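S.K.:
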Amino acid sequence: MIRYIENFYMKNFLWLVFSFYFSSFLYASDHSIHFEEVAPGIFVHQGEHLDVDETYHGDIANIGFIVGEEAIAVVDTGGSLEIGRELELAIKKISNLPIKYVINTHVHLDHIYGNAIFKKKGTDFIGHIELPRAMIARKDFYEKTNLQYLEIPPEESIQIPPTILIKPNQSKNFDLGNRIIKITGYPISHTNTDITVEDLKTKTLWAGDLLFIERTPVIDGDVHGFIAVINEILKLDVIQVIPGHGSPTKEWREAFKKEQDYFKLLRDEVRKAIDDDQDLQLTIETAGQTESKKWELFEIQNARNINKIFPMMEWE
Ligand SMILES: [Zn+2]
Ligand SMILES: [Zn+2]
């Protein structure tokens, strides 16, 4: 009897160990692509706050989709075909409506390399008028980055440029069936390719990387332009904003102001450093530092921001 009980427990124990191992294995390969419906018909997957370095896995940006009564629009596709595929799977689980539009909020690699999964008849790609050119300009660098960190061969780093183009300060409406989305282009700010997507039905704004929450904001365009664009966005009548990185928020005005405060501080301190003949290296070590506790991944990204704006501001 005791022997039987021992056997019974042993078998169950082994089964538990086995199933735990197996489920954790499944979980690891599943890569935790999870979508949340943040407003009726608007689904968002939040990427992780990781840098583009050894930790990068292609899934660091927010991606998602908007479901109308007749069609679906995808907003950003992630950093790889694998993420694009998981996005498509998630869409198919929710709706069989056609994917009519794929929108790229801007050129950065973590937002565009899932595009090719959606290249089908009847699907149009939408982006900033500068996006096709910017994609080509960054192609080699992005292929190398994807090879180095994601082990993706260059032939699988596929760019699909937009064919519907949005100019700076221009808005175009697209109908998904009783659901209008308004896409607006911006002058140079986060990059030279930024657009936003506004769902008029739920007053939700998809801001792309014009808004960072939690994670340190990135300036890969122009600090003055970015500050000005935030002033424009603050005038909008929306309820919720989905940032390019971080949690969707209804406290969006505060979030944009927090980001803008960082940019203004950086602008002023870099300006002063240049006026004082301080060199780039010392400026990287000192400017913006009072913001360091407010943001994730601050040291590396603040340094990159200064590296970007210092040479530009030297000429002002
Ligand atoms: Zn991004
Ligand atoms: Zn970006």
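So the sequence shown is residues 15 to 330, counted in our numbering.
Idealized CB from N, CA, C, for every residue including glycine.
Owing to the predicted nature of the structure, the values given are computational and were not obtained by experimental measurement.
(1) Where are the beta strand (DSSP E) runs, 3 residues long or more, that stay fully inside the stretch 194-259, in chain order?
(2) In whole angstroms, give me the CA-to-CA distance for Trp329 and Asp289.
(3) DSSP puts Glu310 in a beta bridge; with which residues?
(4) Quick one, are the C-beta atoms of Ile202 and Ile323 less than 8 Å apart?
(5) CB-CB under 7 Å to Gln315, same chain, minus the five flanking residues each way: which ones, in chain order?
(6) With Asp290 as the anchor, note down where its alpha helix (DSSP H) starts and where it stops.
(7) When DSSP labels each residue in this structure, what does Asn319 get in the three-state scheme?
(8) Quick check: does the Cβ of Thr230 come within less than 7 Å of any heavy atom belonging to ligand 2?
(9) According to DSSP, Gly141 sits in a beta bridge with which residue or residues?
(10) Leaving out five residues on either side along the sequence, give the residues of the same chain with a beta carbon under 8 Å from the beta carbon of Glu68.
(11) In the structure shown, what three-state DSSP assignment does Thr119 receive?
(12) Say yes only if the C-beta of Gly258 is nearer than 7 Å to one or more non-hydrogen atoms of ligand 1, and no if none qualify.
(13) Is the distance from the Cβ of Glu212 to the Cβ of Ile195 below 8 Å?
M.R.: Per the coordinate set shown:
(1) You should have 194-199, 209-213, 218-226, 254-259.
(2) As a working mapping, residue 329 is identified with position 315 in the sequence shown. As a working mapping, residue 289 is identified with position 275 in the sequence shown. Spanning the two alpha carbons is a distance of roughly 11 Å.
(3) By one-based count along the sequence shown, residue 310 stands at place 296. Glu310 is bridged to Arg229.
(4) Numbered from its first residue, the sequence shown carries residue 202 at position 188. Numbered from its first residue, the sequence shown carries residue 323 at position 309. No, they are not a contact pair.
(5) Indexing the sequence shown from 1 puts residue 315 at position 301. Around Gln315, the same chain offers Thr230, Val232 as residues with beta carbons nearer than 7 Å, after the five sequence neighbours per side are excluded.
(6) For the purposes of this step, residue 290 is taken as residue 276 along the sequence shown, with counting starting at 1. No alpha helix (DSSP H) contains Asp290, which DSSP labels as neither H nor E.
(7) Taking the first residue of the sequence shown as 1, we reach residue 319 at position 305. Looking at Asn319 - three-state DSSP - the assignment turns out to be helix.
(8) On the sequence shown, position 216 is the one that residue 230 refers to. Answer for Thr230: no, Cβ out of range of ligand 2.
(9) Taking the first residue of the sequence shown as position 1, residue 141 is located at position 127. The partner list for Gly141 (beta bridge, DSSP) reads Leu179.
(10) Numbered from 1 along the sequence shown, position 54 holds the residue referred to as residue 68. Closer than 8 Å at Cβ, skipping near neighbours: Tyr163.
(11) Position 105 of the sequence shown holds residue 119. Shown here, Thr119 sits in coil according to DSSP, grouped into three states, outside any helix or strand.
(12) For the purposes of this step, residue 258 is taken as the residue at position 244 of the sequence shown. Taken from the Cβ of Gly258, at least one heavy atom of ligand 1 lies inside 7 Å.
(13) Sequence index remark: in the sequence shown, residue 212 carries index 198 (1-based). Sequence index remark: in the sequence shown, residue 195 carries index 181 (1-based). Yes; because the gap between Cβ atoms is below 8 Å, this pair is in contact.
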